[in-house]
Amino acid sequence: MMQVPLYKEIEKIRKDKGITKTHISRSFNKTPAWYSAISKGKRQLKADDLEKMAEILGVAPKDFFK
1 MMQVPLYKEI EKIRKDKGIT KTHISRSFNK TPAWYSAISK GKRQLKADDL EKMAEILGVA
61 PKDFFK
């Protein structure tokens, strides 16, 4: 089974939970363009930010890697 790219898994969880891209970018004190690039796979999320992203989305970091 192929691994789903991290950015796609984050986007799926975000959409399923109804969390806006704006909310995520504000939570990181970044611009909406920053998160937009992450959500399209054009920019990598730093490893240090994975735990914060999981917290914002209400999941465990391991949930990004199914």
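Take 1 as the starting number for the sequence shown in UniProt numbering and just add one per residue. C-beta: ideal position from N, C-alpha, C; glycine also. The model shown is predicted, which means the values in this text are computed figures rather than measured ones.
- Residue burial is scored here from C-beta neighbours: residue 2 has fewer than 16 other C-beta atoms within 10 angstroms and is therefore classed as exposed.
- For residue 22, the enclosing alpha helix (DSSP H) covers residues 21-27.
- Here the alpha carbons of residue 55 and residue 44 stand approximately 18 angstroms from one another.
- In this structure, the beta-carbon distance from residue 50 to residue 61 falls below 8 angstroms.
- The continuous alpha helix (DSSP H) containing residue 14 extends over residues 6-17.
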